[in-house]
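Undergrad: Provided herewith is a single structure, encoded as structure tokens, for subsequent inquiry.
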Amino acid sequence: MSEENNREPEEVPTAASSPEPDGEKKAEEVVTQPPPAEEATAPPARRVETDEEKAARRKATLEAREAAKVAAAQAAAQAAQAGTDGRVASKTAAEGEGNQEEQPVKPPSHNQPLLDRVVALLRESLSEEAVEEAYINEPNDHLPTIVLKNEYWLDAAHLFRNHVELSCNYLRNVSGVDYETHLEVVYYPLNMDNRSGYCIKVRTNRDQPSIPSVTPIWETANWNEREIYDLLGVDFPGHPDLRRIMMPDDWIGHPLRKDYVPLDPEV
Amino acid sequence: MIRTEELLLNVGPQHPSTHGVFRIIVKLDGEVITEATPVMGYLHRGTEKLAENLNFTQIIPYTDRMDYVSAMTNNYVLCHAVEKMMGLEIPERAEFMRLIVMEMQRVASHLVWWGTYLLDIGAMSPFLYAFSDRERILQLFNELCGARLTYNYMRVGGVKWDAPEGWIAKVKILVKDMYNRLDEYHNLVSGNEIFLSRIKGIGQYDAKTAIDYGLSGANLRCTGVKWDLRKAEPYSLYDRFDFDVPVGKNGDCFDRYEVRMEEIVQSLRILEQAIEQFPGEGDTMGKVPRVIRPPAGEIYVRIESPRGEIGCHIVSKGKAEPFRLKFRRPSFVNLQILPKLLVGESMTNLVTILGGIDIVLGEVDC
Chain A
148 MSEENNREPE
158 EVPTAASSPE
168 PDGEKKAEEV
178 VTQPPPAEEA
188 TAPPARRVET
198 DEEKAARRKA
208 TLEAREAAKV
218 AAAQAAAQAA
228 QAGTDGRVAS
238 KTAAEGEGNQ
248 EEQPVKPPSH
258 NQPLLDRVVA
268 LLRESLSEEA
278 VEEAYINEPN
288 DHLPTIVLKN
298 EYWLDAAHLF
308 RNHVELSCNY
318 LRNVSGVDYE
328 THLEVVYYPL
338 NMDNRSGYCI
348 KVRTNRDQPS
358 IPSVTPIWET
368 ANWNEREIYD
378 LLGVDFPGHP
388 DLRRIMMPDD
398 WIGHPLRKDY
408 VPLDPEV
Chain B
610 MIRTEELLLN
620 VGPQHPSTHG
630 VFRIIVKLDG
640 EVITEATPVM
650 GYLHRGTEKL
660 AENLNFTQII
670 PYTDRMDYVS
680 AMTNNYVLCH
690 AVEKMMGLEI
700 PERAEFMRLI
710 VMEMQRVASH
720 LVWWGTYLLD
730 IGAMSPFLYA
740 FSDRERILQL
750 FNELCGARLT
760 YNYMRVGGVK
770 WDAPEGWIAK
780 VKILVKDMYN
790 RLDEYHNLVS
800 GNEIFLSRIK
810 GIGQYDAKTA
820 IDYGLSGANL
830 RCTGVKWDLR
840 KAEPYSLYDR
850 FDFDVPVGKN
860 GDCFDRYEVR
870 MEEIVQSLRI
880 LEQAIEQFPG
890 EGDTMGKVPR
900 VIRPPAGEIY
910 VRIESPRGEI
920 GCHIVSKGKA
930 EPFRLKFRRP
940 SFVNLQILPK
950 LLVGESMTNL
960 VTILGGIDIV
970 LGEVDC
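Here it is as structure tokens:
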């Protein structure tokens, strides 16, 4: 159900069957340009086109399509951030049609009350500013996602583990991401009894990356944190045995960092 | 007077019972283990780093090499994650093909475990039985995609090859034969007194510990926790089939053995139903854009591999390559409990406990 397929039939010009080699590049250039209206690309009726006109028309069509695609992708990304349905947004943006004036406001996700409750709990028992961001990640099964302030993470982890309402006894995954401006560790705790899972993100700076260890809370975190320390260089104070796990002990640098340069070019 | 001292013993990395290049340093007091330190990374290839410079179709062969005993499920988790991000729809026939090969793979994987586990404990012949049956499954995979171990079979949007003429009929015969073979296995091994005395009550832990350590798969279910992602968080077409989730009671090596043996039966049941419902015709590839470029965003997708929960965490910036790709490998997480289980056990039980966890080193090191 890609938006491309919806548009294909009425827009393909006669020569469009041969793929445009630099179509990708154009997409980057026209990011800010809004999709041109349909009439602009339509040829005047019953007149033999010159080659230049044909080429120009073809280019305009391709550009319009690429621009619409990019706009759709951006809209989808924004929508996902804002917690509205990314797919609906991308579809309307791609169609660019005015016949359905305004999409009726999408009903909030079925997980929205869950997210609101957790955020309220965190604000209540930790601090008003503990939660930086909270949204629903719709493509990922409406997963409630919370960005927490680093200094509140350890207390929040205790809360997730022990609070009667949350009691997330299972930590299914921990992964680290280097965003170039900062490092981020993503936790996926899960309550196995009522099957409600969360995604918690904790950010740290790149120069002195440090996030409190949750190994005393979830034993699973032990090797996962060692792996993140090894490959991304995040320090986990409170970890019982923070050593390299994948790379040799005398390795220099942290390979999953985006700016990592191998010491020995042969390797 | 007899002088006693602590002995530091190095097992692996080249040791047949470590199922790959896994090393464990044990401190021994006589024959009793007082401390165990696993050392890994000998097979670390940096899959996650390599993936950042590859597009998604190019990453699929790398997933084959993670858990090389169960490559089909690894293929699936990556494709499934990308499809979910892009909101693609998969034709029914393609999804059936995927499900059938995944369940066949589960049987094959458990057979490898069964054979090598008994080999670890000291029984040679079950290994030969298991591998001859697994060979039949590999032959079928070979007919399907031309490879016996690293299939590279699935694609974002479907599967690469349709089933050749008569392939489904062959799977049907295989499933029928496997039931008989399983009876034979049970006759041969499951009631054997020596075998039982080696694995009953060994490597025991309770449900709370298992959950705390994040175990999944048979390692979790042997403690009585009914947690199978095919049932708990259904993906693919699993909600269409009727099957049970076998659980154990005591959480020892024997229960893990029983759970895995029963899982083979359940996989065969799923296969039977899937063959029954298999659509006679249809596409094997959905409508996929020429360049696979998931929208910017983040996703964590998990499925039930033979070893437990295998997950794929993708961070995309809207490019053809992932910004970050992380695999949650069940073997890596399950192995964490090993040092805890070994303390206080005798040296002979090391192999029994390690084998019971069922690890694949390609996946531990990734």
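Which chain is which? The protein sequence lines are A and B, in order. Sequential numbering from 148 applies to the first sequence in the numbering used here. Sequential numbering from 610 applies to the second sequence in the numbering used here. For each residue, glycine too, the CB sits at the ideal point set by N, CA and C. None of these values were measured; they are calculated from a predicted model.
If you run the structure through DSSP and keep just helix, strand and coil, what is residue 937 (chain B)?
TA: It is a strand residue.
Undergrad: Cβ closer than 9 Å: which chain B residues qualify as neighbours of residue 324 (chain A)?
TA: The answer, in chain order, is 907, 922, 924, 932, 933 and 935.
Undergrad: Please work out which residues of its chain come closer than 8 Å, Cβ to Cβ, to residue 911 (chain B), disregarding the five sequence neighbours upstream and downstream, and give them in chain order.
TA: Only 686, 838, 842, 918, 919, 920, 921 and 937 meet the Cβ criterion.
Undergrad: Run the CB neighbour count on residue 408 (chain A), radius 10 Å, all protein chains shown included, and call it buried at 16 or more, exposed below.
TA: It is exposed - the Cβ of residue 408 (chain A) has fewer than 16 other Cβ atoms within 10 Å.
Undergrad: Within the present structure, is the beta-carbon of residue 878 (chain B) separated from the nearest heavy atom of the ligand SAM by less than 7 Å?
TA: Absent from the structure shown: the ligand SAM. Ligands present: none.
Undergrad: Can you have a look at residue 613 (chain B) and say buried or exposed, based on whether 16 or more other CB atoms are within 10 angstroms of its CB?
TA: When all chains shown are included, residue 613 (chain B) counts as exposed.
Undergrad: How is the alpha helix (DSSP H) around residue 719 (chain B) delimited, first residue to last?
TA: Its alpha helix (DSSP H) spans residues 701-730.
Undergrad: If you follow the beta strand (DSSP E) that residue 645 (chain B) is part of, which residue opens it and which one closes it?
TA: Taken as a continuous stretch (DSSP letters only), the beta strand (DSSP E) holding residue 645 (chain B) covers 641-648.
Undergrad: DSSP three-state call for residue 626 (chain B): helix, strand or coil?
TA: Residue 626 (chain B) falls in the helix class under three-state DSSP.
Undergrad: When burial is assigned at 16 or more other CB atoms within 10 Å of the CB, is residue 182 (chain A) buried or exposed?
TA: Residue placement at residue 182 (chain A) is poorly supported in this model, since its pLDDT is 46, which falls under 50; the coordinates are not used for a value here.
Undergrad: Starting from residue 921 (chain B), follow its DSSP beta bridges and name the residues at the other end.
TA: Note: residue 921 (chain B) sits in a beta bridge opposite B:910 and B:936.
Undergrad: Check for me: the beta strand (DSSP E) holding residue 270 (chain A) runs from which residue to which?
TA: No beta strand (DSSP E) contains residue 270 (chain A), which is instead part of the alpha helix (DSSP H) from 259-272.
Undergrad: Suppose contacts are defined by Cβ-Cβ distances below 8 Å. Is residue 932 (chain B) in contact with residue 940 (chain B) by that definition?
TA: The answer is no: Cβ separation not under 8 Å.
Undergrad: Give the residues of chain A in contact with residue 693 (chain B), contact being defined as C-beta atoms less than 7 Å apart.
TA: Neighbours of residue 693 (chain B) on chain A, chain order: 286.
Undergrad: Spatial neighbours of residue 304 (chain A) within its chain, please: CB distance less than 6 Å, with the 5 preceding and 5 following residues excluded, ordered by chain position.
TA: So the qualifying residues of the chain are 361 and 364.
Undergrad: Residue 784 (chain B) and residue 881 (chain B): beta carbons closer than 8 Å?
TA: Against a cut-off of 8 Å, the Cβ pair of residue 881 (chain B) and residue 784 (chain B) comes out as a contact.
Undergrad: Using a Cβ-Cβ cut-off of 8 Å, state whether residue 945 (chain B) counts as contacting chain A.
TA: Cβ-Cβ to chain A under 8 Å: yes for residue 945 (chain B).
Undergrad: Considering only residues of the same chain and omitting the five flanking positions on each side of residue 259 (chain A), which have a CB-CB separation below 7 Å?
TA: Correct list, in chain order: 283.
Undergrad: Assess contact between the stretch 701-718 of chain B and the stretch 791-799 of chain B, defined as three or more Cβ pairs (one per stretch) separated by less than 8 Å. Is contact present?
TA: Touching, no, given that fewer than three Cβ pairs across the two stretches are closer than 8 Å.
Undergrad: So what's residue 964 (chain B) in DSSP terms, helix, strand or just coil?
TA: Residue 964 (chain B): helix per DSSP, three-state reduction.
Undergrad: With distances taken from CA atoms, which of B:960, B:970, B:943 and B:905 is nearest residue 424 (chain A)?
TA: Since the first residue shown for chain A is 148 and the last is 414, residue 424 (chain A) is missing from the structure and cannot be characterised.
Undergrad: For residue 758 (chain B), which beta-bridge partners are listed by DSSP?
TA: In the DSSP output, where bridge partners are listed per residue, residue 758 (chain B) has none listed.
Undergrad: Please list, in chain order, the residues of the stretch 365-386 of chain A that have any C-beta partner in chain B closer than 9 Å.
TA: Taking 9 Å as the Cβ-Cβ cut-off against chain B, the residues of the stretch 365-386 of chain A that qualify are 365, 366, 367, 368, 369, 370, 371, 374, 377 and 378.
Undergrad: Output yes if chain A places a C-beta closer than 8 Å to the C-beta of residue 703 (chain B); else output no.
TA: For residue 703 (chain B), the answer is no, since every Cβ of chain A falls outside 8 Å of its Cβ.
Undergrad: Looking at residue 410 (chain A) and residue 392 (chain A), is the spacing between their C-beta atoms short of 8 Å?
TA: Not closer than 8 Å, so no.
Undergrad: Does DSSP put residue 319 (chain A) in a helix, a strand or coil?
TA: DSSP places residue 319 (chain A) in strand when its eight states are reduced to three.
Undergrad: Under 8 Å, with one C-beta from each stretch per pair, do the stretch 347-361 of chain A and the stretch 321-338 of chain A reach the 3-pair mark?
TA: At 8 Å Cβ cutoff, the stretches touch.
Undergrad: Going by DSSP, what residue range makes up the alpha helix (DSSP H) through residue 128 (chain A)?
TA: The question about residue 128 (chain A) has no answer here: the residues shown for chain A are numbered 148 through 414.
Undergrad: Tell me which residues share the same chain as residue 324 (chain A) and place their Cβ nearer than 6 Å to its Cβ, disregarding the 5 neighbours each side in the sequence.
TA: Closer than 6 Å at the Cβ level, and outside the excluded window around residue 324 (chain A), lie 331.
Undergrad: Would residue 336 (chain A) count as contacting chain B if we go by Cβ distances under 8 Å?
TA: False, the Cβ-Cβ gap to chain B never drops below 8 Å.
Undergrad: Please report the distance separating the alpha-carbon of residue 636 (chain B) from that of residue 950 (chain B).
TA: Roughly 14 Å separates the two Cα atoms.
Undergrad: Chain A partners of residue 657 (chain B), CB-CB under 8 Å?
TA: Per Cβ cutoff of 8 Å: 378 and 403.
Undergrad: What residues from chain A crowd round residue 820 (chain B), counting only those whose CB sits closer than 8 Å?
TA: Here the neighbours are 316, 317 and 339.
Undergrad: Bridge partners of residue 292 (chain A), per DSSP?
TA: Residue 292 (chain A) is bridged to A:282 and A:346.
Undergrad: Quick one: which residues of the stretch 637-671 of chain B get their C-beta closer than 8 Å to a C-beta of chain A? List them in chain order.
TA: Listed by position, the residues of the stretch 637-671 of chain B near chain A (Cβ gap below 8 Å) are 649, 650, 653, 655, 657 and 658.
Undergrad: Residue 295 (chain A) to residue 646 (chain B), Cα distance in whole Å?
TA: Rounded to the nearest angstrom, the two C-alpha atoms are 34 Å apart.
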